[in-house]
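What follows is a single structure, written as structure tokens, with notes after it.
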Amino acid sequence: MVFNSLTFIAFFACVLVMHSLPFGWTTKKINLIGASYLFYSAWNPPFVILLWVSTVVDWYAAQGLVKARRQAARHAWMLLSVVANLGMLGYFKYGQFLLDNFTSVMSALGVAYHPAHYDIVLPVGISFYTFATMSYTLDVYLRRALPAQNLLDYALFVTFFPHLVAGPIMRPTELVPQFETPRRANAQQLRYGLALMTIGLFNKVVLADSFLAHVAESVYDGDKVPGTLDAWAATLAFSGQIFCDFAGYSTTAIGAALCLGFAMPDNFRFPYAAVGFSDFWRRWHITLSSWLRDYLYIPLGGNRHGARRTYAALMATMLLGGLWHGASWTFVAWGGLHGLYLAAERGLRARFANYRPGPLVFVALGILTYALVNVTWVFFRAKTFAKAWVVLRGMFGQSGTVKPILDTFSLLSVLLIVGGMVVTHWLMRGRTLESVIARAPAALVSIVWALLAFAIVIAQGAGSAFIYFQF
Amino acid sequence: MPSSTSSSEGALALPRAAAGRNAPDRYARATAADRPGIAQPVPARPVPEQPWGRILLGAALIFVALLAGWEAYWRAYGVTPGINSNSGLWALQRHRIDMGEGNATVIAGSSRPFFDIQLPVWERLAGYRPIQLAFEGTSPLKFVEDLAADPHFTGRLIIGVDPQVFFQGFGLHVDALAYTRKESPSQRIGQWLSMHLIEPYFAFDDPDFALQTVLARQPWPPRPGRLWPTQVRKLSDHEADRNTHLWSKVADDPQYRELARNIWRQRFQPAADPPPAELRRTVEEQIDRTARAVAKLRARGVQVLFLRSPSDGEYLRYETRLFPRATTWEVLLAASGAPGLHFQDYPELQGYYLPEWSHMTRAEAERYTVALYAVIQRDFWGAHTGATSAPR
């Protein structure tokens, strides 16, 4: 079920009540596991089996890793986990993509190959929970962490519903220790957790779905050629939509976990105030970028084997990171562009190691970063390269004379929401949300909270899925 | 990517002057981005120091006051709580066919059979209540094709033909079909909760009064270079089984009625017509696909009846101009071989009051349903006529 649904409200209320009843800690954990399976099966019940497979395989792989005496056996247990998880991911997420590409290659070679079309349904959140479970065996394999003490704690780590389908991508060392001792939110945590959920849902339901999504759709999903203003407005709208959608999900998830007494990590840190692309990736989808860094970039050599190897590792990481987002070459292009940006930045930083920008240049570099990030969003949002080129041509004034697509209200929405969002990110660049709330008058916090909740209700969201569910 | 050996690499430093303006943030915390290559510890999740109990109480009171004001505003505007017409509601009716009611009488079409055929009246006359699958702004073609492919359906089918929507293949709510096929348990539960706990009690809960919709229709200055048509406003009220009727405000409020008419008028301008060749191609495709679907249905013994519901005034003149009966309706009947009932052929189906020229008031719809049912029974579905009776 999605957070922005009546079903979730009813479900979450039941979970809160169950978690506050005077059961033993083991019973409460069993309740949470049951609730999490219910949460997941509310999309498509049979796919719960995949969760079980992922859970059981990694549990036994980690046990095997600990007991193994020979390095070869350790490798084998680690490979079992990686192959099982990536195999599931590969079949469900990339099966059709690989088949389509194979067919295209055959066709290019003059071989008429026509495979039967098989309609694979992508299990929601599979990319997230396979990465979470893989990090468990990989941490044990890399001797960074010990395996969980019992299957119950481990299974709850995999399935814990706030992070299950769209992150933040949790590491076992972040969550399993929290299951070892009884936890229940105190009154302050419960109330602040509800406030965080309100902020997250406001981002999703009001800003992303109600005001920004249709602007991006009008240009990216329509058949009209956009001019400069429309192409930029739609792309900026998408930059706002995807942030509000995904950061909204993460904030709601963090709030839901806090209401139950659990802590989840930050996933976003005002990314549109990033100056440079390494800064951007320290602020955007932090739990994915750090996962890719720890389990892909560093094992590929990181920056320890010379410049050439570093750039190769960087590009490989970002290309695969792009592919993680979706089974399409446009996502690979998106990752590739980010890889190129990071490589170029790395080169410039080496060339101008002692350069320290003044305030104006600093802000200008931030604006340049945001503009270049928007160019990458074109490939992320467009369903085909042809559409991406059409929008890019529009953004760079190459569309010729075309009719406007977006009306005044859409343009104003983008200006106010996305403009406001970027300014807010800059104002919050070195701060935390908590510090701002702590300094605000209590009455103001009440008023803002009520207004956000009111806007969520009157926006009448249609319970649309979060963008990252498809990844 | 930050370095594998140092977490300090990765971001340009904030200029000293700018950095110095901020006091140290005691809630500041490291993230996984700051800890490369290690097992990540249990995260910190501090709660800002505030009187959260009072804040929550204050927020709840303000929220309730705002919501009460919003609800009062829309009630004063003439809105009453009702069920929302959406894909979830449509799916509930569509599921009935697969859940043991495959021999039912089904109504497909666009807004006219949706608004004008009153299910309680039909039930009173026939002893059964049809399944209402018509959807405003949506050609029934895909729904009919879906029924044709569903062996569960063996009943009777009324296909509403509202010329503009049908022959141009409009698909405002055609997603309802995909929604029905992919509907998750969560969506079903959500639909039930909404229909029982929210919609019957809150007038503001209607897509026409959603925040974005309300703001978007304010008189913003037009952007030069193109005209954006005014979107269709709320026209109908719905019940749980999709029995629908025209919203009383359309009939009772002259200003609102004129607004509804002006919205239709946007379509009536010859400048808004599709290019003739494109229109001809679309009409042919709609007829051809409909005929194929109807052939499948009739081969299975389904009784199919096309229905051209009444329209009036400028709307009727527009339809007569762009979709002449001889080149659309008659061709459809000939291609499909199924009988059709055109309101202009029956005096008892004419002369109703259609405030905005397209849909009847509730009272008129009830009267019309009585007359329509009688005609259908007499000329098409009655025991003595059989399914293949021709219209007179």
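Protein sequences appear in the order of chains A and B.
Following the working numbering, the numbering of the first sequence begins with 1 at its first residue and continues without gaps.
Following the working numbering, the numbering of the second sequence begins with 1001 at its first residue and continues without gaps.
Positions of the beta carbon are idealized from the N, C-alpha and C atoms, including for glycine.
Bear in mind the structure is a predicted one, so any value in this text is a computation, not a measurement.
**Prompt:** Any idea if B/Ser1111 is buried or exposed, counting beta-carbon neighbours within 10 angstroms, 16 or more meaning buried?
**Reply:** With 16 or more other Cβ atoms within 10 Å, it is buried.
**Prompt:** With DSSP run on the structure shown, which of helix, strand or coil describes A/Val124?
**Reply:** The answer is coil: DSSP assigns A/Val124 none of H, G, I, E or B.
**Identity of the residue in A/Val436, A/Phe47 and A/Gly321 nearest A/Trp284 by Cα** = Among A/Val436, A/Phe47 and A/Gly321, the Cα nearest to that of A/Trp284 is on A/Gly321.
**Asked** Nearest-angstrom Cα distance between B/Val989 and B/Ala1365?
**Response** Any question about residue 989 of chain B goes unanswered here, given that chain B covers just 1001 to 1392.
**Prompt:** Do we get a CB-CB distance below 9 angstroms when we pair A/Trp232 with the residues of chain B?
**Reply:** Contacts with chain B at 9 angstroms (Cβ-Cβ) do not include A/Trp232.
**Prompt:** Which residues mark the beginning and the end of the beta strand (DSSP E) in which B/Thr1244 is found?
**Reply:** Annotation: the continuous beta strand (DSSP E) that includes B/Thr1244 extends over Thr1244 to Leu1246.
**Message:** Rounding to the nearest angstrom, what Cα-Cα distance links A/His338 and B/Ile1131 in this structure?
**Reply:** For A/His338 and B/Ile1131, the distance between alpha carbons rounds to 53 angstroms.
**Item:** Helix, strand or coil at A/Thr401 [DSSP, three-state]
**Value:** Of the three classes helix, strand and coil, the one that applies to A/Thr401 here is coil, per DSSP.
**Message:** Can you give me the C-alpha to C-alpha distance between B/Arg1300 and B/Ile1097, rounded to a whole angstrom?
**Reply:** If I take the Cα positions, the gap works out to 15 angstroms.
**Request:** Give, in chain order, every residue of the region 172-185 of chain A whose Cβ lies closer than 7 angstroms to some Cβ of chain B.
**Result:** Within the region 172-185 of chain A, the residues whose Cβ lies closer than 7 angstroms to some Cβ of chain B are Thr173, Glu174, Pro177 and Gln178, listed in chain order.
**Message:** Can you list, in chain order, the residues of its chain with a C-beta nearer than 7 angstroms to that of B/Thr1385? Leave out the 5 residues immediately preceding and following it.
**Reply:** With a pLDDT of only 45 at B/Thr1385, under 50, the local geometry of the prediction cannot be trusted, and no value is derived from it.
**Message:** Let me see if you follow: with CB-CB separation under 9 angstroms, is B/Ala952 close to chain A or not?
**Reply:** The requested residue 952 of chain B does not occur in the structure, where chain B is confined to residues 1001 to 1392.
**Asked** If you drop the 5 nearest sequence neighbours on each side, which residues of the same chain put their C-beta closer than 6 angstroms to that of A/Phe97?
**Response** Counting only Cβ-Cβ distances below 6 angstroms, and skipping sequence neighbours, we find Ala327.
**Asked** Just how far apart, CA to CA, sit B/Ser1007 and B/Thr1031?
**Response** For B/Ser1007, the predicted model reports a pLDDT of 35, less than 50, meaning its position is unreliable; a value from the coordinates is still stated below. Between B/Ser1007 and B/Thr1031, the C-alpha separation is close to 11 angstroms.
**Item:** Nearest candidate by alpha-carbon position, reference B/Leu1141, set B/Arg1265, B/His1359 and B/Glu1284
**Value:** Nearest option by C-alpha distance: B/Glu1284.
**Request:** Look up A/Ala274 in the DSSP assignment and say whether it is helix, strand or coil.
**Result:** It is coil, neither helix nor strand.
**Asked** Taking C-beta to C-beta, are A/Leu288 and A/Phe131 nearer than 9 angstroms?
**Response** Closer than 9 angstroms, so yes.
**Message:** Is the beta carbon of A/Ile169 closer than 9 angstroms to that of A/Arg381?
**Reply:** Between A/Arg381 and A/Ile169, the gap from beta carbon to beta carbon reaches 9 angstroms or more.
**Item:** Boundaries of the alpha helix (DSSP H) in which B/Arg1112 is found, first to last residue
**Value:** Where B/Arg1112 is concerned, the enclosing alpha helix (DSSP H) stretches over Ser1111 to Asp1116.
**Request:** Using the Cα positions of B/Trp1247 and B/Ala1240, report the straight-line distance between them to the nearest angstrom.
**Result:** Computed Cα separation, rounded: 16 angstroms.
**Asked** Under 9 angstroms between C-beta atoms, does A/Val378 make it to chain B?
**Response** Under the 9 angstroms criterion on CB atoms, A/Val378 is classed as non-interfacial with respect to chain B.
**Closer than 7 angstroms at the beta carbon, the chain B residues around A/Phe211** = Neighbours of A/Phe211 in chain B, taken as residues whose beta carbon is under 7 angstroms from its own, are Gln1212 in chain order.
**Asked** If you drop the 5 nearest sequence neighbours on each side, which residues of the same chain put their C-beta closer than 6 angstroms to that of B/Ala1044?
**Response** The residues are Arg1029.
**Message:** Would A/Glu434 pass as an interface residue toward chain B - the criterion being a Cβ-Cβ separation below 9 angstroms?
**Reply:** At least one C-beta of chain B is nearer than 9 angstroms to the C-beta of A/Glu434.
**Request:** State the DSSP-derived secondary structure class of B/Arg1156, mapped to helix, strand or coil.
**Result:** DSSP places B/Arg1156 in strand when its eight states are reduced to three.
**Prompt:** Around the Cβ of A/Phe23, are there at least 16 other Cβ atoms within 10 angstroms (buried) or fewer (exposed)?
**Reply:** Looking at its Cβ environment, which holds fewer than 16 other Cβ atoms inside 10 Å, A/Phe23 is exposed.
**Collapsed DSSP secondary structure at B/Phe1135 in the structure displayed** = Of the three classes helix, strand and coil, the one that applies to B/Phe1135 here is coil, per DSSP.
**Distance CB(B/Leu1177)-CB(B/Arg1094) smaller than 9 angstroms** = Yes, the pair counts as a contact, with Cβ atoms nearer than the cut-off.
**Message:** Quick check: the Cα distance between A/Ala333 and A/Phe385, rounded to an integer number of angstroms?
**Reply:** Using only the alpha carbons, I get a separation of about 9 angstroms.
**Asked** By the criterion of Cβ-Cβ separation under 8 angstroms, what are the contact partners of A/Ala453 in chain B?
**Response** Chain B residues near A/Ala453: Ala1059 and Phe1063.
**Asked** Taking Cβ-Cβ distances below 8 angstroms as the criterion, which residues of the region 1259-1286 of chain B are in contact with chain A?
**Response** So nothing in the stretch comes that close.
**Message:** Mapping the DSSP letters down to three states, classify B/Gln1040 as helix, strand or coil.
**Reply:** Note: B/Gln1040 maps to coil in three-state DSSP.
**Asked** Is it true that the region 228-246 of chain A meets the region 208-215 of chain A, where meeting means three or more beta-carbon pairs spaced less than 8 angstroms apart?
**Response** The region 228-246 of chain A makes contact with the region 208-215 of chain A; the number of CB pairs closer than 8 angstroms reaches 3 or more.
**Three-state class that DSSP yields for B/Ile1083 in the structure shown** = Correct three-state label for B/Ile1083: coil.
**Asked** Name the chain B residues whose beta carbon is nearer than 8 angstroms to that of A/Ala459?
**Response** Under the 8 angstroms cutoff, chain B gives Ala1210, Leu1211 and Gln1212.
**Request:** Spell out whether any CB of chain A is found under 9 angstroms from the CB atom of B/Arg1035.
**Result:** Interface residue, yes.
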